[in-house]
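Trainee: Sharing a structure here in structure tokens format.
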Amino acid sequence: MSTSTFGFHVAIIMDGNGRWAKARGRPRRFGHAAGARAVRRVVEAAPAYGITTLTLYAFSSDNWRRPRSEVDHLMRLFTRHLRSERDRLVAHGVRLSIIGRRDRISDLLRQGIEDVERHTAEGTSLHLRIALDYSARQALLEAALSLAATTKTNDIGDPRAGFEAALSRAMHADAAPDVDLLIRTGGEQRLSDFLLWESAYAELLFMNVMWPDFGNEHLASAVQAFASRERRFGRVSPPPTEAKGRLRTARAIP
Ligand code: FPP
25 MSTSTFGFHV AIIMDGNGRW AKARGRPRRF GHAAGARAVR RVVEAAPAYG
75 ITTLTLYAFS SDNWRRPRSE VDHLMRLFTR HLRSERDRLV AHGVRLSIIG
125 RRDRISDLLR QGIEDVERHT AEGTSLHLRI ALDYSARQAL LEAALSLAAT
175 TKTNDIGDPR AGFEAALSRA MHADAAPDVD LLIRTGGEQR LSDFLLWESA
225 YAELLFMNVM WPDFGNEHLA SAVQAFASRE RRFGRVSPPP TEAKGRLRTA
275 RAIP
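According to the working numbering, the sequence shown is numbered sequentially starting from 25.
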């Protein structure tokens with residue numbers, strides 16, 4: 025299985041909560057609650073598959089366009105979930121980071137995030153990243169703006185190569201490697217503004233299972249499908265094993 029020496033990074037667009045609930049004649053929030061239980065299952069199962077970084081798309085910046093009642097419900101669910109999962113995450117050695125904007129969420133949720141991030145900071149079995157009020161385009165824009173504000177042209181050498189490396193560092197501020205495998209559940213086949221920079225060479229897997237039904241067996245089959253793919257990173261044949269560690273910025277390799 026070809027992953028970078030920085031670990032095995034799986035990212036998931038958790039889609040299908042609403043349809044799962046509708047199929048059962050229940051309100052959408054019923055699907056989100058079941059989705060939260062699926063999150064717990066996958067987090068607990070991930071290390072056994074060699075996954076070192078797991079990024080879950082919980083709320084996109086475009087999700088603010090949903091009905092107010094659903095948005096409020098999701099925000100309360102995130103707040104409760106963080107509080108109730110904190111000690112379990114610590115016990116499992118999981119380090120939790122939240123990626124995305126923090127200036128539009130409630131103080132209570134922001135404090136909850138800071139509390140869990142602080143308590144789990146020493147976790148080494150899995151880096152769990154939850155994307156909340158997240159937009160990949162926004163993240164790129166922010167990284168570019170902060171570089172423009174802080175970097176002089178002669179700090180980065182050759183403008184093109186230097187800027188790409190500097191931007192890559194800015195995008196990987198929390199030291200997560202590029203995405204190896206990106207899964208979307210729910211049957212749709214799009215990226216929805218998720219990790220666009222980090223997924224440049226990700227293997228994509230679109231699964232028909234609705235997120236609340238996602239369990240160990242789906243993760244197993246996703247990892248198996250990934251293992252059977254040949255990753256060439258633009259080459260004719262897969263790169264030699266010793267070069268894999270540098271594939272995080274594969275395009276920089278001549
Ligand atoms: C997409 O399904 C799901 C979301 C926008 C919310 C994701 C939230 C969870 C999985 C719940 C808890 C998460 C955490 C991190 C505690 P959808 O509502 O768009 O489903 P649909 O496409 O069937 O309508």
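In this text, a Cβ means the ideal position worked out from N, Cα and C, and glycines have one as well.
Closer than 8 Å: is that where the CB of threonine 82 sits relative to any heavy atom of the ligand FPP?
Mentor: As written in the sequence, residue 82 is alanine, which differs from the threonine given in the question. Alanine 82 Cβ: within cutoff of the ligand FPP.
Trainee: For isoleucine 122, which of helix, strand or coil comes out of DSSP?
Mentor: Reduced to three states, the DSSP call for isoleucine 122 is strand.
Trainee: Go ahead and label glutamate 146 buried or exposed: buried means 16 or more other beta carbons lie within 10 angstroms of its beta carbon, across all protein chains shown.
Mentor: Glutamate 146 is exposed by the Cβ-count criterion.
Trainee: Please give the ranges of any alpha helix (DSSP H) in the stretch 42-89, keeping only runs that are unbroken, at least 4 residues long and fully inside the region.
Mentor: The qualifying runs are 52-69.
Trainee: Suppose the cutoff is 7 Å on Cβ atoms and the five residues either side in sequence are ignored; what does the same chain contact list for aspartate 39 look like?
Mentor: So the qualifying residues of the chain are Arg208, Thr209, Gly210, Glu212 and Trp235.
Trainee: Going by DSSP in three states, isoleucine 137 sits in which element: helix, strand or coil?
Mentor: DSSP places isoleucine 137 in helix when its eight states are reduced to three.
Trainee: State yes or no: is the C-beta of alanine 168 within less than 9 Å of the C-beta of aspartate 202?
Mentor: No, the pair does not count as a contact, with Cβ atoms beyond the cut-off.
Trainee: Among Arg43, Arg61, Ser121 and Trp221, whose alpha-carbon lies nearest the alpha-carbon of isoleucine 154?
Mentor: Taking only the C-alpha atoms, the option nearest isoleucine 154 is Ser121.
Trainee: Taking 8 Å as the cut-off, is the C-beta of tryptophan 88 nearer than that to any heavy atom in the ligand FPP?
Mentor: No, the beta carbon of tryptophan 88 sits no closer than 8 Å to any heavy atom of the ligand FPP.
Trainee: If we count the other Cβ atoms within 10 Å of its Cβ and call it buried at 16 or more, is aspartate 157 buried or exposed?
Mentor: It is buried - the Cβ of aspartate 157 has at least 16 other Cβ atoms within 10 Å.
Trainee: Methionine 38: beta carbon under 8 Å from a heavy atom of the ligand FPP?
Mentor: Methionine 38 Cβ: within cutoff of the ligand FPP.
Trainee: Using only the alpha-carbon positions, how far apart do arginine 142 and glutamate 109 sit?
Mentor: Taking the straight line joining both Cα atoms gives about 14 Å.
Trainee: Is isoleucine 36 helix, strand or coil when you go by DSSP?
Mentor: Strand.
Trainee: Taking the beta strand (DSSP E) that aspartate 111 belongs to, which residues open and close that run?
Mentor: Segment 92-115 is the alpha helix (DSSP H) holding aspartate 111; no beta strand (DSSP E) there.
Trainee: Looking only at its chain, what residues have a beta carbon closer than 6 Å to the beta carbon of isoleucine 137, apart from the 5 residues adjacent to it on each side?
Mentor: These residues qualify, in order along the chain: Ile122.
Trainee: Are the stretch 66-82 and the stretch 41-56 touching by the rule of at least three beta carbon pairs closer than 8 Å?
Mentor: No contact exists between the stretch 66-82 and the stretch 41-56.
Trainee: Any idea which residues DSSP pairs alanine 155 with across the strands?
Mentor: Answer is Tyr81 and Ile123, bridged to alanine 155.
Trainee: Do you know offhand how far lysine 268's Cα is from arginine 255's?
Mentor: Confidence at lysine 268 is low in this model, with a pLDDT of 41, below 50, so the placement of that residue is unreliable and no value is reported for it.
Trainee: In whole angstroms, what is the alpha-carbon distance linking leucine 191 and alanine 35?
Mentor: Distance between the alpha carbons of leucine 191 and alanine 35: 21 Å.
Trainee: Mind checking whether the beta-carbon of arginine 43 lies closer than 8 Å to any heavy atom of the ligand FPP?
Mentor: Yes - the ligand FPP has a heavy atom lying nearer than 8 Å to the Cβ of arginine 43.
Trainee: Measuring only the C-alpha atoms, how far is asparagine 240 from arginine 64?
Mentor: In a straight line, the C-alpha of asparagine 240 is about 11 Å away from that of arginine 64.
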